[in-house]
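Going by the working numbering, the first residue of the sequence shown is number -19, and it counts up by one from there.
Positions of the beta carbon are idealized from the N, C-alpha and C atoms, including for glycine.
Just so we're clear, the structure is a prediction, and the values are computed from it rather than from any experiment.
Shown next, in structure tokens, is the structure this report addresses.
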Amino acid sequence: MHITQGQFSFLPPLTDEQIKVQVKWALNHGWAVSVEYTDDPHPRNTYWEMYGHPMFDLRDPAGVMKEVTECRQAFPNHYIRVMAFDSSKGWETPRMSFIVNRPDHEPGFRLERQEAQGRSLRYTMTSYAVDRPEGERY
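This is the structure in structure tokens:
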């Protein structure tokens, strides 16, 4: 299973040079860049842990690449993404988000059926990874 979240998720993993080009594009637009990680990649888990601080006034992608490298060393078996945030009036939202690191094994998700009131059925997705305690998932 290959988690497909964010931009470029259907492409092969980006090289560091390709990541650097995308970060440079975001910085040229004046967006703040941050590096985030998680061991629970559920699609509704939008709040990943932030590695370091958001880089608001950064102009050189080398700073972001340094954070990505450090985060990969600290969390080699986690999902790591680069997020670019546009703080301009009227937007104030993430404009880019893409995964730059994955665990070697991605267990995927299961669909769980729940019977609701009447004859209604509800379905929810659960990651197989959350069957194990946090910190031991990968």
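Check, Outcome
"In or out: A54 buried (at least 16 other Cβ within 10 Å) or exposed?", "exposed"
"With distance defined between alpha-carbon atoms, name the residue in Q(-15), S68, P56 and V3 nearest to L38.", "V3"
"Identify, in the order they occur along the chain, each residue of the same chain with its Cβ nearer than 8 Å to the Cβ of Y108, setting aside the five sequence neighbours on each side.", "P87, G88, F89 and R90"
"Take every Cβ of the segment -19 to 0, pair it with every Cβ of the segment 27 to 34, and state whether three or more of those distances are shorter than 8 Å.", "no"
"Can you check DSSP and say which residues form a bridge with D84?", "Bridge partners of D84: none, in fact."
"Distance, Cα to Cα, K0 vs E47?", "12 Å"
"Work out the CA separation of G70 and E16 for me, nearest whole Å.", "24 Å"
"Residues in the same chain with beta-carbon distance under 6 Å from A64, minus the five sequence neighbours each way, listed in chain order, please.", "A6, W11, V13, R75 and M76"
"Compute the distance between the beta-carbons of G(-14) and R61, then report whether it is under 8 Å.", "yes"
"Got a sec? Which residues, its chain only, sit under 8 Å from G115 by beta carbon, not counting five neighbours each side?", "D19"
"Helix or strand or just coil, what does DSSP make of L7?", "helix"
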